[in-house]
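Q:
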Amino acid sequence: MRGTHAASDRIALMNPISPHRLPASTHESRTVNTLTWEHAPIVDTCAVQADYGHLLVLTADGSLHGVDLDTGHRTALCSLPLPPLPPPTGHTAFGTAAYRLHASPDGQYAAIVTDYGRHGLVIDVATGAPTMQLDGGDYYAHTVPFSACFLRHRDRTIFVHRTAWNRLDAADPATGASLTARDIAPYANNNRPAHYLDYFHGRLVPSPDSGRLFDDGWVWHPVSIPRAWSVAAWLDANPFESEDGASVVSLTRRDDWDTPACWIDNRHIAYWGLADWDEDEFAEAGQGAGVRILDVTEDRQSNDRRIPMATEPDRIGALFSDGASLYVATPDGTTIWSIASGTPLGALPGFVAQRHDPVRGSLIAFDAGTIAVYRLPVQAARTA
């Protein structure tokens, strides 16, 4: 169904952003700017670099808004019916079905998908017109966030999405045309077809340069096996690269998937939890709070570095990095750790980071009626 475009609201003004100083931490005094939202409740946000602002906001009425975080100006962009959420079931151990917003870096296209569900759509933000209808399949869809992300490759915008539990495709978001067309025979008579992948795709996170994709999925025992592979090899040479290509690396094994993780550069992932995998016991060993730094080019982690974080809870909400520090989002706030030394640098009490804008150099937190922004010190110093 075609959305409605609300260009006449382009100069609508929000409440100006007002500085709010957090309680003092063990590190330098830090300031978080907050913005009061006086519209339909916020459902999700996504950092962009668009002419309408730094942040794309999805609200509960199906509207998309652009927000300039420097001035507090809001641009009403378009409105469309949200795809229905699946009815409540007893399958909530992995997560509760919820809308998730993804956006192309330039903010031209957005995807609204259902995490722990099967459906979604891609729209042209300028017009509100849907360009793709998404269906990730119904086979154990409740166990994973909907696999979706935008990236840039050879100066064009690419949308990657799950089309079955064990298949990803890349597409042109303007038309929906597939860029990874391929045929894989069905599994029959216990004969494994060529390129058949026995893997449930999970959350997708492209590297900062879009050169590699991180996939936090799982296989039957069940057990988590996060993977990564080359985008160029997939899109330029081998459409089966995401199944069994030469660049695919299985990074580790864990009991649980959908684990907080972030890129710290174009080759390394910070992955939450210190556990090793005991092949003899086929289980985790040595669990603890902290991160492992994993090289996405190595199946065998020859330089697997660990940063213990004994003061953190075992389970956290999210993990972010600016390349120098790690930002650990917990229920009580966000703590900051040095990657080089592995030591704590400070804390942001009450600020629970949910999104990272690497271009602007900021962390973003939000709830139904508030947006809060923390500018990262290194980036702030570079742009001052």
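The opening position of the sequence shown corresponds to residue 985 in this note's numbering, with each subsequent residue numbered one higher.
Yeah, the Cβ is synthetic: ideal placement off N, Cα and C, and Gly gets one too.
In terms of residues, what are the limits of the beta strand (DSSP E) holding D1351?
A: 1346-1351
Q: Mind checking P1157: buried by the 16 CB within 10 Å criterion, or exposed?
A: buried
Q: Less than 8 Å between C-beta atoms, sequence neighbours within five positions excluded: which residues of the same chain meet that for A1169?
A: P1177, A1178, Y1180
Q: Would you tell me roughly how many angstroms separate the C-alpha atoms of R1166 and D1220, rounded to the nearest one?
A: 13 Å
Q: Hey, would you say V1106 sits closer than 8 Å to F1143, going by beta carbons?
A: Yes, the pair counts as a contact, with Cβ atoms nearer than the cut-off.
Q: Let me make sure I understand the geometry here. Which of R1136, A1110, H1145 has the alpha-carbon closest to that of G1104?
A: H1145
Q: State the start and end residues of the unbroken beta strand (DSSP E) segment that holds V1309.
A: In the sequence under discussion, the amino acid at residue 1309 is Ser, which differs from the Val named in the question. For S1309, the enclosing beta strand (DSSP E) stretches over residues 1309-1314.
Q: May I have the straight-line CA-CA distance separating T1010 from V1041, to the nearest angstrom?
A: Here the model assigns T1010 a pLDDT of 40, short of 50, so the residue's position is not dependable, and the following value carries that caveat. Those two C-alpha atoms are separated by around 33 Å.
Q: Label G1257 either buried or exposed according to how many other C-beta atoms from any shown protein chain fall within 10 Å of its C-beta, with 16 as the threshold for buried.
A: buried
Q: What span of residues does the alpha helix (DSSP H) with E1225 cover, start to end?
A: Counting along the chain, the alpha helix (DSSP H) containing E1225 begins and ends at 1225-1228.
Q: On a Cα-Cα basis, can you pick out the residue from P1067, T1319, D1199 that is closest to Q1117?
A: P1067
Q: So does D1199 have its beta carbon nearer than 7 Å to some heavy atom of the ligand ZN?
A: Questions concerning the ligand ZN fall outside what the structure shown contains, since it holds no ligand whatsoever.
Q: Going by the CB atoms, is the gap between L1188 and A1254 shorter than 8 Å?
A: no
Q: For I1107, report the span of its beta strand (DSSP E) as first-last.
A: 1103-1108
Q: Could you tell me whether the Cβ atoms of H1340 and V1215 are closer together than 8 Å?
A: no
Q: Going by the beta-carbon positions, is the gap between G1345 and A1331 smaller than 8 Å?
A: no
Q: Since G1101 and A1077 are thought to touch, with beta carbons under 8 Å apart, how far apart are those beta carbons, to the nearest angstrom?
A: With 8 Å as the limit, G1101 and A1077 do not qualify as a contact, their Cβ atoms being about 15 Å apart.
Q: What span of residues does the beta strand (DSSP E) with D1322 cover, start to end?
A: Residue identity differs from the one stated: residue 1322 is Ser in this sequence, not Asp. For S1322, the enclosing beta strand (DSSP E) starts and ends at 1317-1322.
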